[in-house]
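Undergrad: Quick one: the structure is below, and I'll ask about it shortly.
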Amino acid sequence: MVQLSELTRDKSFRTRLILACLGVSLFVSVIYVVVSYRLTAELGVETGLQAMEKEANIILSELVSNNDGLAASAASVATMIYGGNEEEAGIFARVSRDEGIWVYVRGLKASQADDFRQYLADHTDLARGMLEFGDEKFLYIHAERNGYKLDLIQTTTSLDLTMAMVAKRLSIVSVVVLWIAIWLALTLSSFIAKRVQQKNDALAKIATHDGLTGFPNRRFLDDLLETCIDNASSSADSMDEPVAGQGCLFVIDLDKFKEVNDSFGHAAGDKLLVEIALRLHGALSSNQVLVRVGGDEFIIWAPGLNIDEAKGLAKSLVEQCDAPVMINNLAINTGASIGIAHYPTHADSGESLIINADTAMYKAKQLRCGWMLFDESNAVDYKKQLRLRAELTGALEREEIKLYYQPKVSLKDGDIIGVEALARWHHPIDGILPPGAFIDLIEHSGRVQEFGRYIICQSIKQLAAWRSQQIELPLALNLSPYNLLDPGLVDFIAGTLEQFDVPASLLEIELTESETSMNIESIQSRLDALKVLGVTLTIDDFGTGMSSLAYIANLNVNIIKIDRAFICDMLTNDKHLAIVSTALALSKSFGCKMVAEGIEDKAQAEKLLAMGCDYGQGYLFSKPVESNAITALYLKGGSLV
Ligand code: C2E
Ligand code: CA
Ligand code: CA
Numbered sequence: 003m004v005q006l007s008e009l010t011r012d013k014s015f016r017t018r019l020i021l022a023c024l025g026v027s028l029f030v031s032v033i034y035v036v037v038s039y040r041l042t043a044e045l046g047v048e049t050g051l052q053a054m055e056k057e058a059n060i061i062l063s064e065l066v067s068n069n070d071g072l073a074a075s076a077a078s079v080a081t082m083i084y085g086g087n088e089e090e091a092g093i094f095a096r097v098s099r100d101e102g103i104w105v106y107v108r109g110l111k112a113s114q115a116d117d118f119r120q121y122l123a124d125h126t127d128l129a130r131g132m133l134e135f136g137d138e139k140f141l142y143i144h145a146e147r148n149g150y151k152l153d154l155i156q157t158t159t160s161l162d163l164t165m166a167m168v169a170k171r172l173s174i175v176s177v178v179v180l181w182i183a184i185w186l187a188l189t190l191s192s193f194i195a196k197r198v199q200q201k202n203d204a205l206a207k208i209a210t211h212d213g214l215t216g217f218p219n220r221r222f223l224d225d226l227l228e229t230c231i232d233n234a235s236s237s238a239d240s241m242d243e244p245v246a247g248q249g250c251l252f253v254i255d256l257d258k259f260k261e262v263n264d265s266f267g268h269a270a271g272d273k274l275l276v277e278i279a280l281r282l283h284g285a286l287s288s289n290q291v292l293v294r295v296g297g298d299e300f301i302i303w304a305p306g307l308n309i310d311e312a313k314g315l316a317k318s319l320v321e322q323c324d325a326p327v328m329i330n331n332l333a334i335n336t337g338a339s340i341g342i343a344h345y346p347t348h349a350d351s352g353e354s355l356i357i358n359a360d361t362a363m364y365k366a367k368q369l370r371c372g373w374m375l376f377d378e379s380n381a382v383d384y385k386k387q388l389r390l391r392a393e394l395t396g397a398l399e400r401e402e403i404k405l406y407y408q409p410k411v412s413l414k415d416g417d418i419i420g421v422e423a424l425a426r427w428h429h430p431i432d433g434i435l436p437p438g439a440f441i442d443l444i445e446h447s448g449r450v451q452e453f454g455r456y457i458i459c460q461s462i463k464q465l466a467a468w469r470s471q472q473i474e475l476p477l478a479l480n481l482s483p484y485n486l487l488d489p490g491l492v493d494f495i496a497g498t499l500e501q502f503d504v505p506a507s508l509l510e511i512e513l514t515e516s517e518t519s520m521n522i523e524s525i526q527s528r529l530d531a532l533k534v535l536g537v538t539l540t541i542d543d544f545g546t547g548m549s550s551l552a553y554i555a556n557l558n559v560n561i562i563k564i565d566r567a568f569i570c571d572m573l574t575n576d577k578h579l580a581i582v583s584t585a586l587a588l589s590k591s592f593g594c595k596m597v598a599e600g601i602e603d604k605a606q607a608e609k610l611l612a613m614g615c616d617y618g619q620g621y622l623f624s625k626p627v628e629s630n631a632i633t634a635l636y637l638k639g640g641s642l643v
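Using this note's numbering, the first residue of the sequence shown is number 3, and each one after it goes up by one.
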């Protein structure tokens with residue numbers, strides 16, 4: 003992973019930029035000087051050659067017009083041309099014609115003149131240009147007229163003087179250019195470095211902060227924990243002394259975020275996340291960091307916090323998440339589950355601290371207890387959950403999840419009036435797992451619709467199988483509230499009933515009140531469609547939900563199942579007895595049947611019957627059993643008392 007520090011502060015960048023700019027400006031100045039010097043030199047050579055050509059023309063015209071002996075006329079011409087500037091240049095002039103050769107040498111060493119003679123004898127095809135002899139340079143031209151051949155060789159003294167002057171000027175100019183270039187380089191590099199730093203800061207912010215809530219993200223947290231914990235503990239390890247300091251990490255996961263998102267749309271989900279993030283942040287002190295790690299999961303790192311203080315903070319965080327949020331004019335409370343891990347008690351690295359807090363959070367979610375502190379036994383559980391989650395796909399494909407059936411009876415005579423289908427996972431290693439071990443996993447795995455349809459399909463197949471044995475027994479299946487968000491649910495049920503030729507009146511759907519109450523409006527139309535289809539609707543676990551009355555009134559269900567929690571101690575707990583009797587009165591006034599679940603002894607059954615409850619379900623009559631056991635019971639006569 004790219005280190006954030008690299009992105010935020012690249013200190014050598016400015017120096018490197020300045021050096022690069024200086025390098026470029028130096029290079030440009032050098033090129034400028036070299037090119038200018040070369041151009042001037044070439045121009046100087048050309049000018050020198052042209053001057054020599056003029057001289058050659060004069061010499062030749064004089065020779066042609068005098069025509070009185072080569073040596074005499076050449077000498078007079080030479081005097082005329084070169085007489086005045088005796089000191090300036092070395093000259094070698096050679097004129098030849100049939101009658102002979104005249105050579106004029108001035109300002110040159112005798113050896114040089116000999117070199118030229120020899121050179122001209124060896125190179126008869128030269129026309130004009132520059133010659134080099136040893137360290138010295140000479141300009142040369144050759145001209146001919148009326149039989150006269152003239153070779154002129156001249157030292158480059160004047161050119162050298164010019165070039166020396168040019169070089170001097172150029173070096174002054176180049177110093178000025180270099181100075182300007184350096185100044186520009188410094189200004190430009192500081193401007194660029196500033197811009198780059200701004201961009202880097204912006205990038206670092208994007209890379210380390212969540213776009214929606216504006217709070218830091220997982221990358222930021224990893225960096226933070228690395229500096230706070232990992233580096234600190236490794237340097238302490240090497241010094242063989244314990245790390246000073248402590249801290250607590252909280253993993254927070256909202257409980258019903260998916261429902262809000264699915265029923266009210268992503269905009270509402272986003273609004274909820276922002277609101278919750280602000281609330282959580284508001285509950286923290288300035289050194290505690292809130293991080294959104296993705297979806298509906300947040301992490302808080304609270305350095306210096308001990309376990310007792312962490313418990314206090316967890317309580318206030320739970321309260322923040324429990325307070326309703328207004329979305330689309332509805333007060334929604336999503337609730338949250340929080341896991342806490344303490345450094346260094348529970349982990350000695352950032353990563354394991356997160357894993358352990360996550361494990362504790364998972365446990366808190368399962369127990370629906372708000373928050374949990376990490377302990378080792380959670381970790382074993384968590385690993386098992388992870389394994390089961392991975393095995394779920396295959397389980398559905400191999401039909402390892404099977405339905406068991408628990409009879410519902412008439413309390414008057416014990417006759418079986420229907421059954422409830424309850425899922426069991428026949429796990430190849432762990433044996434038969436109850437729904438408590440895997441329903442939550444399914445609901446959090448994104449396979450909830452697939453699972454719902456699987457249960458519907460298995461149930462309708464069983465109804466068809468019983469029908470083929472002349473057993474017409476209503477079957478109630480449990481659906482997760484998430485299944486009601488499946489837009490194709492009603493069509494799927496209708497289609498499957500038709501496919502297996504099962505009347506809708508034999509199918510019952512049990513919905514858990516506590517979970518469903520939040521979504522009352524969004525699922526209303528789907529429930530209405532199911533009723534139109536002829537399916538019976540039941541409210542499960544009645545009494546445990548938050549808004550029972552509004553719920554029953556709006557959903558217009560056929561059956562109410564009062565929760566086992568009230569039945570099990572109704573004979574000793576007056577309050578629970580009162581709730582059972584109120585639920586009965588309520589069911590009567592809404593015109594629906596009431597089923598009491600979890601009846602374990604005869605006294606409960608008799609009391610319920612005396613109170614006017616007609617139907618019951620519980621271990622007193624039968625535990626959930628396999629389908630063939632139900633077939634046998636039914637065929638035997640159907641009464642369970
Ligand atoms: P539930 O719908 O309230 O089902 C009743 C639970 O109480 C069943 O537990 C049943 O075995 C148990 N029970 C029945 N009578 C008695 C009794 O007299 N005493 C005691 N102690 N328990 C009794 P089970 O099968 O473990 O199911 C637990 C929950 O799992 C169910 O509660 C239901 O909410 C859920 N569930 C089961 N199957 C499915 C399914 O196919 N889909 C979905 N979405 N949820 C399911
Ligand atoms: Ca049920
Ligand atoms: Ca129940």
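Where a beta carbon is used, it is the ideal one built from N, C-alpha and C, also for glycine.
Going by CA-CA distance only, name the one from R197, I194 and R221 that's closest to K207.
TA: Nearest option by C-alpha distance: R221.
Undergrad: Does the Cβ of T518 have 16 or more other Cβ atoms within 10 Å, making it buried, or fewer, making it exposed?
TA: The pLDDT assigned to T518 is 45, lower than 50, so where the model puts this residue is not dependable; a value taken from the coordinates is nonetheless given after this. Under this definition T518 is a buried residue.
Undergrad: Three or more beta-carbon pairs under 8 Å between the stretch 41-60 and the stretch 150-170, yes or no?
TA: Yes, the stretch 41-60 is in contact with the stretch 150-170.
Undergrad: Going by DSSP, name the residue or residues bridged to A478.
TA: DSSP lists E422 and E510 as partners of A478.
Undergrad: Under 7 Å Cβ to Cβ from D324, same chain only, skipping five residues before and after it: list those, please.
TA: The answer, listed in chain order, is N335 and G337.
Undergrad: Would you check whether ligand 2 has a heavy atom nearer than 7 Å to the C-beta of N560?
TA: False, no ligand heavy atom lies under 7 Å from that Cβ.
Undergrad: What is the chain-ordered set of residues for which the beta carbon lies under 7 Å from any non-hydrogen atom of ligand 2?
TA: Qualifying residues, in the order they occur: E422, A478, N480, E512, D542 and K563.
Undergrad: Take the Cβ of I60 as the centre, count every other Cβ of all protein chains shown within 10 Å, and call the residue buried at 16 or more, exposed below.
TA: Classification of I60: exposed, given that the 10 Å Cβ count is below 16.
Undergrad: Consult DSSP for E134 and reduce its assignment to one of helix, strand or coil.
TA: Three-state DSSP puts E134 in a strand.
Undergrad: With V37 as the anchor, note down where its alpha helix (DSSP H) starts and where it stops.
TA: Per DSSP, V37 belongs to the alpha helix (DSSP H) from S14 to N68.
Undergrad: Flag this pair as yes or no: are the beta carbons of A316 and I342 separated by less than 8 Å?
TA: Yes, these two residues count as a Cβ contact at 8 Å.
Undergrad: Pick out the complete alpha helix (DSSP H) segments inside the stretch 369-426, 4 residues or longer, and give them in chain order.
TA: If we require 4 residues or more, the alpha helix (DSSP H) runs fully inside the stretch 369-426 come out as 378-399.
Undergrad: Alpha carbon to alpha carbon, how far is V168 from E64? Give it in angstroms, no decimals.
TA: Computed Cα separation, rounded: 36 Å.
Undergrad: Count the other CB atoms, across all protein chains shown, that sit within 10 Å of the CB of R18; report buried if there are 16 or more and exposed otherwise.
TA: Result: exposed.
Undergrad: Could you tell me whether the Cβ atoms of L154 and A73 are closer together than 8 Å?
TA: Cβ atoms of L154 and A73: not closer than 8 Å.
Undergrad: What does the alpha-carbon distance come out to for the pair L529 and I457?
TA: Distance between the alpha carbons of L529 and I457: 18 Å.
Undergrad: Under a three-way DSSP split, which group does P437 fall into?
TA: Three-state result, P437: helix.
Undergrad: Under a three-way DSSP split, which group does L141 fall into?
TA: Looking at L141 - three-state DSSP - the assignment turns out to be strand.
Undergrad: Assign D137 to buried or exposed, taking buried as 16 or more other Cβ atoms, counted over all protein chains shown, within 10 Å of its Cβ.
TA: Its Cβ having fewer than 16 others within 10 Å, D137 is exposed.
Undergrad: Quick one, are the C-beta atoms of I541 and L513 less than 8 Å apart?
TA: Yes, these two residues count as a Cβ contact at 8 Å.
Undergrad: Quick check: what's the CA-CA separation for L286 versus D298?
TA: Taking the straight line joining both Cα atoms gives about 18 Å.
Undergrad: Report whether the distance from the Cβ of G618 to the nearest heavy atom of ligand 1 is below 7 Å.
TA: No, the beta carbon of G618 sits no closer than 7 Å to any heavy atom of ligand 1.
Undergrad: Does the distance from the CB of L465 to the CB of V411 come in under 8 Å?
TA: No, Cβ-Cβ distance for L465 and V411 is not below 8 Å.
Undergrad: Does the Cβ-Cβ distance between V179 and S14 come in under 8 Å?
TA: It is not a contact, given that the beta carbons lie outside the stated cut-off.
Undergrad: Helix or strand or just coil, what does DSSP make of E243?
TA: Unreliable placement is indicated for E243, whose pLDDT of 41 sits below 50; no coordinate value is reported for it.
Undergrad: From S288 to N263, what does the alpha carbon distance come to, in whole angstroms?
TA: Straight-line Cα distance between these residues: approximately 31 Å.
Undergrad: Determine the contact status of I581 and G545, defining contact as a CB-CB distance below 8 Å.
TA: Yes, these two residues count as a Cβ contact at 8 Å.
Undergrad: Please name the residue or residues paired with E311 in a DSSP beta bridge.
TA: None, per the DSSP bridge assignment.
Undergrad: If you scan the stretch 249-276 from start to end, which runs of the alpha helix (DSSP H) of 4 or more residues do you find wholly inside it?
TA: Runs found: 259-266.
Undergrad: Among residues of its own chain, excluding the 5 on either side of A80, which ones have a beta-carbon nearer than 6 Å to its beta-carbon?
TA: Hits under 6 Å: Y106.
Undergrad: Using the Cα positions of D432 and E452, report the straight-line distance between them to the nearest angstrom.
TA: Taking the straight line joining both Cα atoms gives about 23 Å.
Undergrad: Just how far apart, CA to CA, sit E353 and Y345?
TA: Looking at the two C-alpha atoms, the distance is approximately 11 Å.
Undergrad: Measuring only the C-alpha atoms, how far is G213 from C230?
TA: Answer to the nearest angstrom: the Cα atoms are 25 Å apart.
Undergrad: Does the separation of the CB atoms of A423 and A478 fall below 8 Å?
TA: Taking 8 Å as the Cβ cut-off, A423 and A478 qualify as a contacting pair.
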